[in-house]
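Undergrad: Just so you know, we're using the numbering used here here: the sequence shown kicks off at 9 and counts up by one.
Idealized CB from N, CA, C, for every residue including glycine.
All values derive from a computational prediction rather than experimental measurement.
For reference, the structure I am asking about is given below.
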Amino acid sequence: MAKIPRSFSLCFYPSRNFVLSGVYALKSVIYVGNHHFTSRIIKENGDVWYPDGIETKSTSIAEGNIHSQDPAFNTCVRHGDVQDACGVLYAIVDL
9 MAKIPRSFSL CFYPSRNFVL SGVYALKSVI YVGNHHFTSR IIKENGDVWY PDGIETKSTS
69 IAEGNIHSQD PAFNTCVRHG DVQDACGVLY AIVDL
């Protein structure tokens with residue numbers, strides 16, 4: 009698991025900064041493209057899952073482990089459609 013420093017600034021908007029303490033783990037990346045949102049979910053063991061209600065219905069597709077993939081996750085390509093990352097979710101794992 010990649011660790012974020014105990015104190016860091018994360019800028020969501022040009023005029024707003026947040027200072028957080030603790031160790032955070034990436035839990036999900038949200039993508040948008042062609043008027044459709046999808047995501048990747050990262051489990052505690054690093055396994056990456058791709059759920060998509062339109063494509064996969066109620067199941068998720070295993071995509072490997074975050075430690076063996078490109079950690080940037082900037083884009084998600086499915087069936088030739090490119091979706092850009094538009095949001096991330098982190099969860100605190102250590103104070």
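At 3 residues or longer, and completely inside the region 27-87: list those beta strand (DSSP E) runs for me, N to C.
TA: Taking only runs of at least 3 residues, the beta strand (DSSP E) segments lying wholly in the region 27-87 are 31-41, 44-50, 55-59, 68-73 and 83-86.
Undergrad: Going by C-alpha distance, which of Ile38, Ala33 and Asp92 is nearest His75?
TA: Comparing Cα positions, the closest option is Ala33.
Undergrad: Between Glu63 and Asn53, what straight-line distance do the alpha-carbon atoms span, to the nearest angstrom?
TA: Between Glu63 and Asn53, the C-alpha separation is close to 25 Å.
Undergrad: Given Ala70, which residues of its chain have a CB within under 7 Å of its CB, disregarding the five upstream and five downstream residues?
TA: Answer for Ala70: Asp55 and Trp57, listed in chain order.
Undergrad: Is the beta carbon of Ile38 less than 9 Å from the beta carbon of Cys94?
TA: Yes. Within cutoff.
Undergrad: Name, in chain order, the residues that DSSP records as bridge partners for Val101.
TA: In DSSP, Val101 forms no bridge with anything.
Undergrad: Less than 9 Å separating the beta-carbons of Val96 and Gly41?
TA: For Val96 and Gly41, no; Cβs fall outside 9 Å.
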